[in-house]
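Structure record follows, encoded as structure tokens.
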Amino acid sequence: MENPLIVSAQGLRKSYGSHIAVDGLNFEIQRGATFGLLGPNGAGKTTTISMLVGLLHPDEGSVIVGDGSSKSNGTAGNPVDDSVRRLIGVAPQSLSLYDELTAKENLEFFGQLYGLSGGRLRERVQWSLAFAELEDRQKDRLSTFSGGMKRRMNIAVAMIHEPEILLLDEPTVGVDPQSRNHIFESIQRLQKEGLTILYTTHYMEEAQRLCDSVAIMDHGKLLALDSVPRLIAQHGGCSVVTCELGRLPEQVELPGQLDGTLLRFESDRPLEKVAELSGQGVQFRTLSISQPDLESVFLSLTGRSLRD
Amino acid sequence: MNRIVKMAIKDLRLLARDRMGAFFILGFPILMGLFFGLVMGGSNSGEGRAKMQVAIVDNDNSDMSRKFIESLKANESIAVSMEELESARESVRKGKRVAMMVLDEGFGESAGVLWGQPPTIKLGVDPSRSAEAAMLQGFIMESIGQLVGERFQDPDLMRNFIDKSRQELADNQSISSTNRMLMQAFFGSLEQMTENIGALQTQSDDSSQAPNAGKGIQFANIESLDVSRAVDPDSTAGQIAKLNSKWDISFPQAMIWGVLGCVAGFAISIAKERTQGTMTRLRVAPVSKFEIIAGKALACFITVVLVIVTLTVLGVLLGMQPKSYPLLVLAAISVSVCFVGIMMFLSVIGTTEQAVGGSGWAINMVMAMLGGGMIPVMFMPAFMKSLSNLSPVKWGILSLEGAIWREFSFAEMVMPCLILIGVGIIGMSIGTLIFRRTDA
Ligand SMILES: Nc1ncnc2c1ncn2[C@@H]1O[C@H](COP(=O)(O)OP(=O)(O)OP(=O)(O)O)[C@@H](O)[C@H]1O
Ligand SMILES: [Mg+2]
Numbered sequence: 053m054e055n056p057l058i059v060s061a062q063g064l065r066k067s068y069g070s071h072i073a074v075d076g077l078n079f080e081i082q083r084g085a086t087f088g089l090l091g092p093n094g095a096g097k098t099t100t101i102s103m104l105v106g107l108l109h110p111d112e113g114s115v116i117v118g119d120g121s122s123k124s125n126g127t128a129g130n131p132v133d134d135s136v137r138r139l140i141g142v143a144p145q146s147l148s149l150y151d152e153l154t155a156k157e158n159l160e161f162f163g164q165l166y167g168l169s170g171g172r173l174r175e176r177v178q179w180s181l182a183f184a185e186l187e188d189r190q191k192d193r194l195s196t197f198s199g200g201m202k203r204r205m206n207i208a209v210a211m212i213h214e215p216e217i218l219l220l221d222e223p224t225v226g227v228d229p230q231s232r233n234h235i236f237e238s239i240q241r242l243q244k245e246g247l248t249i250l251y252t253t254h255y256m257e258e259a260q261r262l263c264d265s266v267a268i269m270d271h272g273k274l275l276a277l278d279s280v281p282r283l284i285a286q287h288g289g290c291s292v293v294t295c296e297l298g299r300l301p302e303q304v305e306l307p308g309q310l311d312g313t314l315l316r317f318e319s320d321r322p323l324e325k326v327a328e329l330s331g332q333g334v335q336f337r338t339l340s341i342s343q344p345d346l347e348s349v350f351l352s353l354t355g356r357s358l359r360d
Numbered sequence: 054m055n056r057i058v059k060m061a062i063k064d065l066r067l068l069a070r071d072r073m074g075a076f077f078i079l080g081f082p083i084l085m086g087l088f089f090g091l092v093m094g095g096s097n098s099g100e101g102r103a104k105m106q107v108a109i110v111d112n113d114n115s116d117m118s119r120k121f122i123e124s125l126k127a128n129e130s131i132a133v134s135m136e137e138l139e140s141a142r143e144s145v146r147k148g149k150r151v152a153m154m155v156l157d158e159g160f161g162e163s164a165g166v167l168w169g170q171p172p173t174i175k176l177g178v179d180p181s182r183s184a185e186a187a188m189l190q191g192f193i194m195e196s197i198g199q200l201v202g203e204r205f206q207d208p209d210l211m212r213n214f215i216d217k218s219r220q221e222l223a224d225n226q227s228i229s230s231t232n233r234m235l236m237q238a239f240f241g242s243l244e245q246m247t248e249n250i251g252a253l254q255t256q257s258d259d260s261s262q263a264p265n266a267g268k269g270i271q272f273a274n275i276e277s278l279d280v281s282r283a284v285d286p287d288s289t290a291g292q293i294a295k296l297n298s299k300w301d302i303s304f305p306q307a308m309i310w311g312v313l314g315c316v317a318g319f320a321i322s323i324a325k326e327r328t329q330g331t332m333t334r335l336r337v338a339p340v341s342k343f344e345i346i347a348g349k350a351l352a353c354f355i356t357v358v359l360v361i362v363t364l365t366v367l368g369v370l371l372g373m374q375p376k377s378y379p380l381l382v383l384a385a386i387s388v389s390v391c392f393v394g395i396m397m398f399l400s401v402i403g404t405t406e407q408a409v410g411g412s413g414w415a416i417n418m419v420m421a422m423l424g425g426g427m428i429p430v431m432f433m434p435a436f437m438k439s440l441s442n443l444s445p446v447k448w449g450i451l452s453l454e455g456a457i458w459r460e461f462s463f464a465e466m467v468m469p470c471l472i473l474i475g476v477g478i479i480g481m482s483i484g485t486l487i488f489r490r491t492d493a
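If you read the sequences in order, they're chains A and B.
Using my numbering, you'd call the opening residue of the first sequence number 53 and step up by one each time.
Using my numbering, you'd call the opening residue of the second sequence number 54 and step up by one each time.
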């Protein structure tokens with residue numbers, strides 16, 4: 053079943069002076085989906101998000117947020133409108149919190165800006181504190197928090213007004229693996245609840261793990277957009293098999309060049325090929341198969357590695 | 054509106070937690086106010102403790118007047134100098150003497166006599182030193198009281214006076230015959246008593262105790278000479294004449310320093326929202342740019358008013374006596390509007406805290422220096438005085454002083470307040486305009 057589109061960006065273009073940061077971007081996000089924007093530093097991810105939330109006006113193109121359904125309060129339109137903005141929650145790339153306010157005060161303040169008050173505000177503040185797993189630290193100022201705790205708060209504040217769409221701009225930057233896992237788990241909980249998420253990152257494993265579909269960006273341009281398996285199938289190329297051979301019968305025809313005892317070859321069905329060789333009496337001392345991933349997709353699309 | 058209030062509350066909370074900011078807004082101004090108040094007060098009370106300079110014009114030139122002057126000279130608290138009427142008056146006007154005293158002709162005849170018209174002493178006191186004047190009046194009474202004793206101890210003087218009074222009595226037709234008889238009997242017994250005193254004095258020299266100067270008896274009639282009108286009210290001396298506490302100059306200055314602290318603090322806070330990223334959230338929330346800057350303005354306004362109120366309360370506790378509280382409220386509001394506007398203007402001249410903070414304090418310092426935040430305008434040389442008109446600080450201090458000690462009328466308050474409000478509105482407009490245009 054096709055869900056309705058909740059974000060639609062058409063022909064987005066934005067330049068800073070002569071530098072084109074975003075160059076003709078088209079994409080759509082279905083309600084409930086998690087959409088990844090994958091690209092290296094300076095690809096234009098943050099600029100794109102800024103246009104999606106109405107912080108920046110695109111030089112060209114348009115953004116429509118909301119699907120006009122009752123869930124979107126009947127709203128769909130340009131995010132410069134207040135009613136549309138209420139549908140969006142943003143966790144900016146740079147932490148955007150008041151260090152000298154407590155966790156609770158930060159949540160309360162931003163909740164009030166979205167018109168929450170009284171019991172409803174208290175309820176949402178508690179929900180958000182639980183979401184960030186910071187209930188026991190709620191009365192502490194953020195200046196006493198660790199980087200990972202602040203990152204969690206950054207997302208929790210984005211959720212205070214129960215948005216329909218959550219935009220996460222590199223939410224795991226500068227976070228240790230444990231906190232990162234923590235953040236992944238909370239995002240996965242939100243996914244289960246049916247929240248629409250746009251997730252930008254330059255870590256391909258994050259995109260691979262969390263996103264239903266991924267847009268690969270570089271130099272402001274969209275290079276490819278599809279589900280992760282299909283991107284890999286289309287652009288990832290073959291798996292690479294590297295092995296060290298023991299006994300090698302004479303008649304066997306090898307799929308690649310032998311360098312001493314070391315064999316390396318590419319194949320779209322690596323396991324079948326290994327089984328076939330084994331059947332012919334080839335003995336493997338070591339064997340490693342590396343499957344193509346988004347990294348290889350990016351490499352094949354740009355000729356560069358994703359991470360500098 | 055609700056959101057503006059929430060924004061303001063958030064900013065006030067942040068301010069309360071920012072020790073450095075709070076220090077510049079309240080701690081520093083209070084210290085300044087106290088320090089300069091004490092410095093000024095020190096020189097004032099020092100003068101008070103030194104001898105009180107009094108100019109005396111003796112038009113009577115009698116024994117009695119000389120005795121009176123001698124007795125004043127004997128008083129350790131007073132330094133007497135004999136002068137002509139005009140030079141005496143000038144010396145008080147120019148603040149060289151605390152008071153001038155004129156003993157008219159005939160002073161000697163009635164001084165120290167317990168009946169009839171008491172002698173008239175004309176006294177002109179520097180209006181800014183009314184406390185010393187009260188003290189001086191006490192000393193005058195003391196000296197006249199001594200003359201009473203002299204009279205009783207000098208039979209010749211007394212006989213003279215009695216004869217003269219008898220003569221007057223005889224000449225005066227308006228006195229009824231019974232009264233006349235009573236008075237003559239009275240003078241008769243007085244003559245008797247005087248002779249007895251004279252006899253006693255010739256007999257023994259140790260009976261020189263002065264009779265008690267009865268309380269409630271008026272020894273002298275002190276008429277006040279108006280010397281204040283002679284002072285040009287716009288001259289420095291004329292302005293100082295109106296001061297009635299040592300905090301009068303330092304506290305309005307301190308208030309302005311507090312206000313400048315608010316200006317710097319809140320101007321930075323907009324840049325701070327940018328650098329700490331919260332501006333992004335504010336802008337993404339359904340909050341208009343106007344609401345964002347209005348929230349800052351409201352928080353700044355409240356802080357400025359609180360600073361002025363706090364310093365007023367402290368000043369009053371220390372002895373400052375604001376002449377008009379309604380005008381003080383008017384001044385406080387005008388000052389707040391003005392400096393909130395300046396804050397809004399400063400907040401948009403840069404995007405980083407360093408840029409705004411640096412230029413903000415630089416502009417504050419220039420405004421303060423020109424406007425009398427350091428050296429009061431009235432002590433400035435003439436060219437500086439006219440330059441000071443360019444500084445909102447001058448008008449701020451003037452309006453506060455107008456209400457506290459300058460005894461401004463409402464009409465006199467109008468100009469400084471209108472200037473302040475005008476500057477404020479211009480600042481707010483420019484600030485809002487530029488803020489709306491930045492960040493796309
Ligand atoms: N305010 C700005 N003024 C000028 N150039 C800018 C501005 N913001 C971004 N850029 C430029 O636009 C390009 C895209 O920047 P953007 O921040 O969108 O990249 P990004 O994909 O978010 O990168 P990162 O992974 O480092 O966050 C970059 O080349 C950057 O230098
Ligand atoms: Mg970015």
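Where a beta carbon is used, it is the ideal one built from N, C-alpha and C, also for glycine.
task: Would you mind working out which of A:M269, A:K97 and A:G331 sits nearest A:L219, comparing C-alpha positions?
output: Taking only the C-alpha atoms, the option nearest A:L219 is A:K97.
- prompt: What in chain A is Cβ-close to B:K506, meaning under 9 Å?
  reply: Lying before the first or after the last residue shown, residue 506 of chain B is absent from chain B, which here runs from 54 to 493.
CB of A:L149 within 8 Å of CB of A:V225, strictly: Inclusion of A:L149 and A:V225 in the CB contact set at 8 Å is not warranted, their separation being larger than that value.
task: Note down, in chain order, all residues in the region 336-365 of chain B with a beta-carbon under 7 Å from any beta-carbon belonging to chain A.
output: Of all residues in the region 336-365 of chain B, R336, V337, A338, P339 and V340 have a Cβ within less than 7 Å of some Cβ in chain A.
- request: Return helix, strand or coil for A:H234, following the three-state DSSP convention.
  value: It is helical.
task: To the nearest angstrom, report how far apart B:P429 and B:A186 are at their CA atoms.
output: Take the alpha-carbon of B:P429 and the one of B:A186: they are about 27 Å apart.
query: How big is the Cα-Cα spacing for B:A152 and B:F88?
result: Near 30 Å, if we compare the C-alpha coordinates of B:F88 and B:A152.
- prompt: Touch check for the region 175-194 of chain A and the region 153-162 of chain A: three-plus C-beta pairs under 8 Å?
  reply: With the cut-off at 8 Å, the region 175-194 of chain A and the region 153-162 of chain A touch.
query: Where are the alpha helix (DSSP H) runs, 4 residues long or more, that stay fully inside the region 370-403 of chain B, in chain order?
result: DSSP runs (the alpha helix (DSSP H)) wholly in the region 370-403 of chain B: 378-400.
task: Determine, using beta carbons only, whether B:R327 comes closer than 8 Å to chain A.
output: Chain A, which has no Cβ nearer than 8 Å to the Cβ of B:R327, makes this no.
task: List the endpoints of the continuous alpha helix (DSSP H) containing B:A152.
output: It is not in any alpha helix (DSSP H) - B:A152 instead sits in the beta strand (DSSP E) that spans A152 to L156.
Pairwise C-alpha distance: B:V401 and B:I395: Roughly 10 Å separates the two Cα atoms.
message: Pop quiz: B:P375 and B:I457 are said to be a contact at Cβ under 8 Å. What is the actual Cβ separation, rounded to whole angstroms?
response: The Cβ separation is near 5 Å, so the contact holds.
query: What is the residue span of the beta strand (DSSP E) that A:H287 lies within?
result: No beta strand (DSSP E) holds A:H287; the alpha helix (DSSP H) holding it covers V280 to H287.
query: Straight-line CA distance for B:I386 to B:L453?
result: Their backbone Cα atoms lie some 10 Å apart in a straight line.
query: Starting from B:I567 and walking both ways along the alpha helix (DSSP H), at which residues does that stretch end?
result: Absent from the structure is residue 567 of chain B, since the part of chain B shown begins at 54 and ends at 493.
message: Taking contact to mean 3 or more Cβ pairs, one atom from each stretch, closer than 8 Å, check whether the region 308-328 of chain B and the region 339-349 of chain B are in contact.
response: The answer is yes - the region 339-349 of chain B touches the region 308-328 of chain B, with three or more Cβ pairs under 8 Å.
- request: Could you check if B:K299 is buried or exposed, using at least 16 other CB atoms within 10 Å of its CB as the buried criterion?
  value: So B:K299 counts as buried.
- prompt: Thinking just about the alpha-carbon of each residue, which of B:L79, B:M54 and B:V58 is nearest to the one in B:A307?
  reply: Of the candidates B:L79, B:M54 and B:V58, the one whose C-alpha sits nearest the C-alpha of B:A307 is B:L79.
field: Contacting positions in the region 55-85 of chain B - beta carbon closer than 9 Å to chain A
entry: So the close ones are N55, R56, K59, M60, I62, K63, R66, L67, R70 and D71.
- prompt: Which residues mark the beginning and the end of the alpha helix (DSSP H) in which A:Q260 is found?
  reply: Annotation: the continuous alpha helix (DSSP H) that includes A:Q260 extends over M256 to L262.
- prompt: From A:L173 to B:V340, what does the alpha carbon distance come to, in whole angstroms?
  reply: Roughly 18 Å between the two C-alpha positions.
- prompt: Under the three-state reduction of DSSP, which class applies to A:F336: helix, strand or coil?
  reply: In the structure shown, A:F336 adopts extended strand secondary structure according to DSSP, grouped into three states.
query: Can you list, in chain order, the residues of its chain whose CB lies under 7 Å from that of A:H287, leaving out five sequence neighbours each side?
result: A276, V349, S352 and L353.
- request: Compare the beta carbon distance of A:V132 and A:A61 with 8 Å and say whether it is the shorter of the two.
  value: Contact flag unset, no.
- prompt: In chain A, which residues lie less than 9 Å from B:T491 when you measure between Cβ atoms?
  reply: Correct list: empty, because the minimum Cβ distance to chain A is about 12 Å.
task: Measuring only between beta-carbons, confirm whether B:R146 sits less than 8 Å from chain A.
output: Output row for B:R146: interface = no.
- prompt: Does the region 358-365 of chain B come close enough to the region 401-414 of chain B to have 3 or more Cβ pairs within less than 8 Å?
  reply: Two segments are said to touch when three or more pairs of C-beta atoms, one from each, lie closer than 8 Å; by this definition the region 358-365 of chain B does not touch the region 401-414 of chain B.
- request: Pull up the DSSP beta-bridge partners for A:G141, would you.
  value: Answer is A:L218.
A:R65: contacting residues in chain B (beta-carbon distance under 8 Å): Those within 8 Å of A:R65 in chain B number zero; the least Cβ separation is about 14 Å.
message: Assuming A:D75 is part of the beta strand (DSSP E), what are its boundary residues?
response: Counting along the chain, the beta strand (DSSP E) containing A:D75 begins and ends at H71 to Q82.
- prompt: Just to check, is the beta-carbon of A:E222 closer than 7 Å to a non-hydrogen atom of ligand 2?
  reply: Yes, Cβ of A:E222 sits closer than 7 Å to a heavy atom of ligand 2.
task: For the alpha helix (DSSP H) holding A:K202, just list the boundary residues, first then last.
output: Per DSSP, A:K202 belongs to the alpha helix (DSSP H) from G199 to M211.
task: Taking C-beta pairs closer than 8 Å, name the residues in chain B that A:Y255 reaches, listed in chain order.
output: Those within 8 Å of A:Y255 in chain B number zero; the least Cβ separation is about 21 Å.
task: Flag A:V142 as yes if its beta-carbon sits less than 8 Å from any beta-carbon of chain B, otherwise no.
output: Yes, its Cβ sits closer than 8 Å to a Cβ of chain B.
field: chain B within 8 Å of A:E152, Cβ atoms only
entry: Output row for A:E152: interface = yes.
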